[in-house]
Structures are given as C-alpha cells and as structure tokens.
C-alpha cells in the first residue's frame, strides 16, 4: 500500500473520531431549526418527493454544490460520489460505472449501463451528453437498475440533470474562472418573464486553454480546451391546466484529447521488431501526472457538435390526473483523432460519425384515496440512426506486417505492409415500451411500490473493414484463396471490404438483432419513526444488445452481444438524527448478472492476426456491495459529508478468454470486474462564517480514495507470464477551496486547488496495439472564480 494512501485513510478516520463528540455537543446546545440540514427534493420516480421518503439509494447535489466541487462534466461526478467510477476505452470514449456496473466499448452506438438525462429527456449514447452539465438546479444519481421508469440501458443506474429553470423575475449571472496552464472558463445566464404566460432562460458555458500534458520526447504540450455549450429554455403557461417547457441546446467541442503515458512496448509481432524501429525504441514515461506522448506534428483532438430540441407538456385532467408528453430530437457529429499509443510513432484512429436520435414518451399519472395511492402508466418510442467510420493509421504498428508473407503460402511474392484500414458501420435501432408504476400506503408508516416495463428492440446493422492502400485487399484475397482452395475466389479490391463472410468472401456484413424483455421493481418502505425510512427492493433491469464497430478480418468479430440482465436485491435505511443535524443513508445490495457484456479479445478465426477485439457475453457474474453516507452539521456553520462504497464482484461461471498478451486461454472465473475498486471513500467539509455585515467567508476541503482495480480481465495471469501489469494502483486525491461572498448574493470570490499533492494516478491501464499505456488523472491545478448575480 502507498504511504500517501495510508495517511489519507488515517486522516479520514481521525476526522470521524474528532467530529463525533462535536456533533453530540452541538445537538445538546442548539435550539430548534438552528444549523439544521436542508430538505432535498428529487424527481427520481417522475414526481416531486423528499429524497428521504424514496426507497432508493440516491446522490443529490445542487448546482451550487457541483460548482463548488469542480464538477464540470458527467465524469466529474466521481468527485462527489464514491460509487460512481469513470474509466475510458482505448480510444478515449468515457465509461461510466455505478456500483461496478459498466460497459467498455468505443463504438459511438455502444449503449450504456448508466444512462444520462436532462429533465428526464434521455441521451441515446454517452457521447451525446456533454451538453448537459452547466447552469443546473441539481443532479440526481439514481443507483441500481432503473428500467421500470427510465427504460433499458440503465442497469447500473441513471443520472438525471435538472436544468435551472426560467424565473418570474429578471435575473442574470456571470462566472469567470482563470486557472493553471492558462485554463479559462466563462459561464452565464439571463432569465426572466417575456409575457404574462411566457418566461425564458438563456445560458452558456465556454472553456479555453489548459495544456496540462507535456510530451516525454520533445517540447510539446496537449490538453487545450475549446468548447461552447448553449441552452435556451422557454416555459409557457397559457392556462392553469397546461404547462409547456421547451429546451433548445447544443455544444461545439474542439478540445485536445488527452494522450497516454507509455508503460512498456510489447510488440504484437516480435518477428517484425527490426521493421518498426521508432516503436521498439520508445521509452516508458515517468510517473508524472503531466507526462504523456503522441506522434510529433499531430494533435489528438475532439471535433464534435450536437443540436437538440425537446418539448415537455403537462396537462391537468379532472380527478387529479396529469397527462405528460416528452419528446426530443438530437443530431450529433463526430470527427475525433485518437492517439492512444503513448509514444512518438504512427498509430492513430480517426473516428467519424453522425447520430440522429429521437424519443417520445406519453404517460398518465394520478392520485387516489387521499394521496395514499400514486400511479403512473405510459409508453415510449425511441429511434436512433448511427453511421460511423474508424480510419486507422497503423504505419508504426508491428501488426501492419501480418500479411506480408502470407502470399508465400501459395507460391506468390510477398506484399508490402499495409499502412492502415477503415471500418465502416451503419446502425438503425428502434425500441418501443409500455410501463406502469404504483406506490400504495395501506398504513401511514408503510408503503408498497411495484412497477414493470415491457420493451422490444430491433437493430439493423451493417459493417465491414475496408482496404485503404491496396495491400490489405491483396492479403485478404490470398487468405480467401487459401480458405477456398482456389475455387470461386472473389478478389478484394482497393477501397473495398476485406472482412470475410461465412463463405470466406469479402463482403459488407448485414445483420439484425431483435430482442424483448420485461424490467420490473417491487419494494417495501417502512417508516417506524419520524424521519427514518427502512426499505427493501428487488428489481430486474436489462441492457440492450449491440453490434461493434472495429477492425474485423472475419464476420465472426462483428457478431452482436445479446442483452444482459441484472437482478438486484437491496436493503437500505435513511434517517435523520440529533435534531436534524445528522443524516445517515446506508444500503446493502446483491447483484446477479446474466450475460454480462464485455469487450474482449479472441483469436483471429483466419489465423493471421493473433488476438483481435470482439464483444462477448459472460454467462454468470455476481456482486455484493454496501454503501454508507453521512451528512452532518456538527456546528451551525460547518457541514461535513463522508461516504464509502464497498464492492466485491466476481465471475461466477467458468468462462475462458484471453489476457491482453498471449493466445493461451485463461479461465476468468472468480476474477473481479475491470475498473471496480473494492473500497472507495470520500470526505468533504466546509466552514462558513461572517466577516462583516456585508460579507461571509468559507473554507472547504475534500478527499477521495479508491483501492486498486484491474484494467483488463486476465491481468494476474499476464503478470505471471512476465508481461507488464495492467492494474490501476490505489490512489487518494485532496482538493481545497476558500472564498468570500456577499450577504446579498451579488458577488462571490473563490480560490481552489485540485489534486493538492500532485498525486500520480491512472484512470485506465490497458494494451493498445504494441503499447501498454496508462491514461492518467490531471496534476495539481489551481485557480480563481469570480461570480456575479443580478
């Protein structure tokens, strides 16, 4: 264990021991309503409720809390919730995990296990959600399967951002930030009435600068931010019965993509070592948060944009019923250059694509029996079309020589190495669902919830890998000739498909996947005393099957994964004690996985390229876990939050796969899920005090820690065979903040330091081509924010 990690955990424990007596003393001295915790309202069940009355584990933070703790993206939620873990694919796509439930696939159309919403409007894929995270009222992180009310692809949970709404009076605000590495940000909003029945709000967020990575081999930097997010909201209330909300938003992101830090070169084809000198001579990078490398003369970068329009209408019907419509359309484009090799040699992926996604939901809700029964029924329809191209530059990869000598097998001359390839795909998916949910209180202290959703999904997919220089086509034709014994050969052509179909003919592979499922949830809520809730739930959720987009020599690599199923059992408690100065939330849970989806490696069925990427289903897996969250005001001006998550995951059934380096099968039975820490901790504290009649001051700090994880299945077997470790080491990070704000709320000045100790830590350790690399967290950053409200 690292000394720094040990000191951090000792500090967390010491803080708890010191603050315990203070809490008790404060509770005895304080009178009613002095320094009490605030009430938190959520819409986790698609209606406004106190978070303390919902039988579900929920993390909720206000927009001010998110800004205070530097939460600027979906991934930053890991700073405020230890059950939320962020990693990334080999090609920089974010992977969100709640309680260890995640899915690692870099295709644009890869459906998530943690779905993201804004005001209940879904984002079809994770890449589309960048525009959600600014000008917020709050965020709700819902844990456990959410399939009943939020649909499939939320087996891990759901993140629902609640945008700040138009106001009845004119309001405006600006937040400007300057930080280390010349990072700059500007956020603002204008809100107010337009007419007696119409109000509007316009908000923006701009990010620039921040080159935080330094090349290991030359004077070059990376990390520039260059993004703009916009949102316009309209609230129209033409009658007392009708409320209409319209949301028009979009973002443009032209930022740099973080590069990786090289751990070691491990060639895919050792026989080609002399032919790739720039690759073989690459040196490992130092254990420095700023260290990274990429091909000289290039800049890994994002080129993404989206436009989205959504509409919500609520109409009050007789007998306390409400009819609600939610509809949205989103268009997304992407043209990202990824260089994940961590060294100065040719290996890159240009990932381009478009997404057109629509969703429609219609539901009816109501109350009966003096509000003892709340019910909801509805239906929804979603359609998404995705076109994706992955263009690979493999000129520096040892795998580019895989086809060179293949023609010798049939007495023909060798061919030059291929310089790269291109993988294309088209994906058209449609899902339809009907759902219902009821909550009934037969007694004031007892509540019963039950809900179910029936979903059908149909995906039409086409794809192949194409030649880009003539050499891949020549090699594919030779392989086809060998497999067909020279009979009926259809030569691959320059620029054409080189993926071999079931008849060993180069072809564009068309497939279809149709599935249906029933998600459900039942729960019991018991309030034995005021402000204490004990709940138990059993739920089942599904993640839809999907097709990969990847370099495929055979149609077998393009087979889809079928839907995965998660059966969850949870027992929890929520209580407030010490005159509402202490809040305790805790939960125990057990997950049964069936057909867990996984991006893995498999032997090339054509026997040429060795290990290749595929999507697979792992038959049986399990997870046991526990969470504990404490929020307290031991002093009137002091707020302390402490949270911990424990996860024990394992593959239950025999499942043979491959580690990242060898073609020897490995049984994954008993192994923990990748990027699933056994323990995660978080502590945050803030103290506010008055410095004059006009200003108050505050100081705050937060610390988080997580134990080590394996970046890939089979990590230990690879180490035992002498290969580099792909474990992500345990780490701890400390952030500080301090500032001054006017009592009127007009001005606020804040200084911050993040990663105070400049801790070096890996978000993901993996093998990419000939490189074993680490993608790292940012180094120490600091800055100031000035806020103005009118």
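In mature numbering (1 follows the signal peptide of the UniProt record, and there is no 0), the protein residues as written are -26 to -1, 1 to 764.
Even for Gly, the Cβ is constructed at its ideal location relative to N, Cα and C.
At which residues does the alpha helix (DSSP H) containing residue 452 begin and terminate? Taking the first residue of the chain shown as 1, we reach residue 452 at position 478. Residues 445 to 457.
For the beta strand (DSSP E) containing residue 385, list its first residue and its last residue. Taking the first residue of the chain shown as position 1, residue 385 is located at position 411. Looking at the DSSP string, residue 385 is not in any beta strand (DSSP E), and its letter there is neither H nor E.
Taking the alpha-carbon of residue 452 as reference, which of 442, 175, 436, 473 has the nearest alpha-carbon? Against the chain shown, residue 452 aligns to sequence position 478. Here the closest residue by C-alpha is 473.
Beta-carbon within less than 6 Å of residue 538's beta-carbon, same chain only, minus the 5 sequence neighbours each way: which residues are those? Counting from one through the chain shown, the residue named residue 538 turns up at place 564. Taken in chain order, the residues that qualify are 517, 569, 570, 571.
How about residue 635 and residue 692: do their beta carbons lie closer than 8 Å? Along the chain shown, read from residue 1 onward, the residue named residue 635 stands at position 661. Along the chain shown, read from residue 1 onward, the residue named residue 692 stands at position 718. Yes, these two residues count as a Cβ contact at 8 Å.
Helix, strand or coil for residue 667 per DSSP? Taking the chain shown and counting its residues from 1, the one referred to as residue 667 is at position 693. Here residue 667 sits in coil by DSSP.
Please state the DSSP three-state secondary structure of residue 756. Residue 756 sits at position 782 when you count from the first residue of the chain shown. Three-state DSSP puts residue 756 in a strand.
Report back the beta-carbon spacing between residue 491 and residue 10 to the nearest angstrom; my notes put them in contact at under 8 Å. By one-based count along the chain shown, residue 491 stands at place 517. By one-based count along the chain shown, residue 10 stands at place 36. At roughly 44 Å, the Cβ-Cβ gap does not stay under 8 Å, so residue 491 and residue 10 are not in contact.
Could you tell me which whole beta strand (DSSP E) segments of length 3 or greater appear in the segment 32 to 119? 32 to 36, 58 to 62, 68 to 72, 88 to 92, 110 to 117
Between the alpha carbons of residue 175 and residue 486, how many angstroms are there, rounded? In the chain shown, residue 175 corresponds to position 201, counting from 1. In the chain shown, residue 486 corresponds to position 512, counting from 1. The straight-line gap from Cα to Cα measures roughly 43 Å.
Spatial distance of residue -1 from residue 661 (CA atoms): The count along the chain shown starts at 1 and reaches residue -1 at position 26. The count along the chain shown starts at 1 and reaches residue 661 at position 687. Below a pLDDT of 50, predicted positions are generally treated as unreliable, and residue -1, at 38, falls in that range; the measurement from the model is reported next regardless. Using only the alpha carbons, I get a separation of about 15 Å.
Buried or exposed: where does residue 257 fall if 16 or more other Cβ atoms within 10 Å of its Cβ makes it buried? For this step, residue 257 is matched to residue 283 along the chain shown. So residue 257 ends up on the exposed side.
Cβ pair count under 8 Å reaching 3, the segment 234 to 247 against the segment 138 to 158: no
Find the nearest neighbour of residue 682 within the set 455, 534, 737, 722, judged by alpha-carbon distance. As a position in the chain shown, residue 682 is number 708, starting the count at 1. If we check each option's Cα against that of residue 682, 737 comes out closest.
Please give me, in chain order, every unbroken run of the beta strand (DSSP E) with length at least 3 that falls completely inside the segment 512 to 541. none
On the DSSP bridge assignment, give the partners of residue 436 in chain order. In the chain shown, the residue the question calls residue 436 occupies position 462. Answer by DSSP bridge pairing, in chain order: 400, 484.
Within the same chain, show all residues whose beta-carbon is closer than 6 Å to that of residue 377, passing over the 5 residues directly before and after it, in chain order. Working through the chain shown from its first residue, we reach residue 377 at position 403. Excluding residues within five positions, the ones whose Cβ falls inside 6 Å are 449.
Close-in-space but distant-in-sequence residues of the same chain around residue 119 (CB under 6 Å, 5 per side omitted): For this step, residue 119 is matched to residue 145 along the chain shown. Once the five neighbours on either side are set aside, the close Cβ partners of residue 119 are 129, 513, 515, 540, 542.
Buried or exposed, going by whether 16 or more other CB atoms sit within 10 Å of the CB of residue 663? Indexing the chain shown from 1 puts residue 663 at position 689. Looking at its Cβ environment, which holds fewer than 16 other Cβ atoms inside 10 Å, residue 663 is exposed.
Any idea what DSSP makes of residue 611, helix, strand or coil? Position 637 of the chain shown holds residue 611. Three-state result, residue 611: coil.
Please report the residue range of the beta strand (DSSP E) in which residue 705 lies. Within the chain shown, the letter at position 731 stands for residue 705. Where residue 705 is concerned, the enclosing beta strand (DSSP E) stretches over 705 to 716.
According to DSSP, residue 634 sits in a beta bridge with which residue or residues? Mapped onto the chain shown, residue 634 falls at position 660. Residue 634 is not bridged to any residue.
Can you name, in chain order, every residue of its own chain whose Cβ lies under 7 Å from the Cβ of residue 8, other than the five neighbours on each side? By one-based count along the chain shown, residue 8 stands at place 34. Low local confidence applies: a pLDDT of 49 at residue 8 is under 50, so the model's placement there is unreliable, and no value is given.
Is residue 168 helix, strand or coil by DSSP? Within the chain shown, numbered from 1, the residue matching residue 168 stands at position 194. In the structure shown, residue 168 sits in coil (DSSP, three-state: anything other than H, G, I, E or B).
Same chain, Cβ closer than 7 Å to residue 262, neighbours up to 5 away in sequence not counted: Residue mapping note: residue 262 aligns to position 288 of the chain shown, counting from 1. 734, listed in sequence order.
Whole-Å CB distance - residue 20 paired with residue 350, under 8 Å assumed: On the chain shown, position 46 is the one that residue 20 refers to. On the chain shown, position 376 is the one that residue 350 refers to. That pair is a contact at about 7 Å.
Using the three-state DSSP reduction, which class does residue 572 fall into: helix, strand or coil? For the purposes of this step, residue 572 is taken as residue 598 along the chain shown, with counting starting at 1. Strand.
Beta-carbon within less than 6 Å of residue 325's beta-carbon, same chain only, minus the 5 sequence neighbours each way: which residues are those? Position 351 of the chain shown, counted from the start, is the residue given in the question as residue 325. Excluding positions up to five away in sequence, the list reads 310, 364.
Could you give the distance in angstroms between the alpha-carbon of residue 754 and the alpha-carbon of residue 732? Along the chain shown, read from residue 1 onward, the residue named residue 754 stands at position 780. Along the chain shown, read from residue 1 onward, the residue named residue 732 stands at position 758. Whole-angstrom Cα-Cα distance: 5 Å.
Per DSSP, which one or two residues make a beta bridge with residue 556? The residue given as residue 556 occupies position 582 in the chain shown. In the DSSP output, where bridge partners are listed per residue, residue 556 has 551, 606.
Distance cut-off 7 Å: residue 411 Cβ against heavy atoms of the ligand ZN: Because no ligand of any kind appears in the structure shown, any question about the ligand ZN cannot be addressed here.
Comparing the C-beta of residue 516 with each C-beta of chain D, is any distance below 8 Å? Protein chain content of the structure displayed is limited to a single chain, and chain D is not contained in it.
Looking at the strands, I want to know which residues DSSP matches up with residue 256. Here residue 256 corresponds to residue number 282 of the chain shown, with the count starting at 1. Note: residue 256 sits in no beta bridge, so no partner.
Please report the Cβ distance between residue 315 and residue 584, rounded to the nearest whole angstrom; I am assuming they are in contact, meaning their Cβ atoms lie under 8 Å. Indexing the chain shown from 1 puts residue 315 at position 341. Indexing the chain shown from 1 puts residue 584 at position 610. 18 Å between Cβ atoms; not a contact.
So residue 279 packs on residue 328, CB below 8 Å; how close in whole Å? Sequence index remark: in the chain shown, residue 279 carries index 305 (1-based). Sequence index remark: in the chain shown, residue 328 carries index 354 (1-based). Not a contact, Cβ separation roughly 10 Å.
So what does DSSP say about residue -12, is it helix, strand or coil? For the purposes of this step, residue -12 is taken as residue 15 along the chain shown, with counting starting at 1. Unreliable positioning characterises residue -12 in this predicted model, as indicated by a pLDDT of 37, which lies under 50. The coordinate reading is nonetheless provided below. If DSSP states are grouped into helix, strand and coil, residue -12 belongs with the helices.
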